[in-house]
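Novice:
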Amino acid sequence: MEKLELQRLKKSVQYLESKQRELKKQQDNDTRSIESIIKYLKKDMIQQFKLMDYDSLIKQQIKDTDVFIIHVKYIIVSNFSNSI
Numbered sequence: 001m002e003k004l005e006l007q008r009l010k011k012s013v014q015y016l017e018s019k020q021r022e023l024k025k026q027q028d029n030d031t032r033s034i035e036s037i038i039k040y041l042k043k044d045m046i047q048q049f050k051l052m053d054y055d056s057l058i059k060q061q062i063k064d065t066d067v068f069i070i071h072v073k074y075i076i077v078s079n080f081s082n083s084i
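Per my numbering, the sequence shown starts with residue 1, numbered consecutively.
1) Within 10 Å of its beta-carbon, does leucine 51 have 16 or more other beta-carbons around it, so buried, or fewer, so exposed?
2) What distance in whole Å lies between the Cβ atoms of leucine 23 and glutamate 35, which are believed to be in contact at a cut-off of 8 Å?
3) My understanding is that threonine 65 touches isoleucine 37, with C-beta atoms under 8 Å, so please give their C-beta distance in whole angstroms.
4) Please confirm if glutamate 2 has its CB atom under 8 Å from at least one CB of chain C.
5) Buried or exposed, going by whether 16 or more other CB atoms sit within 10 Å of the CB of lysine 42?
6) Assign isoleucine 70 to one of three DSSP states: helix, strand, or coil.
7) Out of Ile75, Gln61, Lys10, which has the shortest C-alpha to C-alpha gap to aspartate 53?
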């Protein structure tokens with residue numbers, strides 16, 4: 001993964017984290033739009049950054065956003081720590 005692509009992945013994870021926090025804050029409100037954004041983001045990240053190449057189990061983690069975020073961060077650190 002190129003440095004620019006890695007930076008985009010980091011920004012995507014940060015955005016996903018912010019949406020997850022927003023979802024948790026709005027417990028009583030209608031959260032379908034935030035949930036759909038989160039769902040789309042996770043699928044897009046897997047495809048766009050080819051995350052399956054780095055962790056074949058990442059697709060199994062897609063249902064739990066918190067776990068998904070942890071796995072993506074692990075992919076970044078374990079595979080690209082020298083690029084950071």
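Just so you know, even glycine gets a beta-carbon here, dropped at the ideal spot from N, CA and C.
Specialist: Looking at the coordinates:
1) buried
2) 7 Å
3) Their Cβ separation, rounded to whole angstroms, is 11 Å, which puts threonine 65 and isoleucine 37 out of contact at 8 Å.
4) Among the chains in the structure shown there is no chain C, since it carries only a single protein chain.
5) buried
6) helix
7) Ile75
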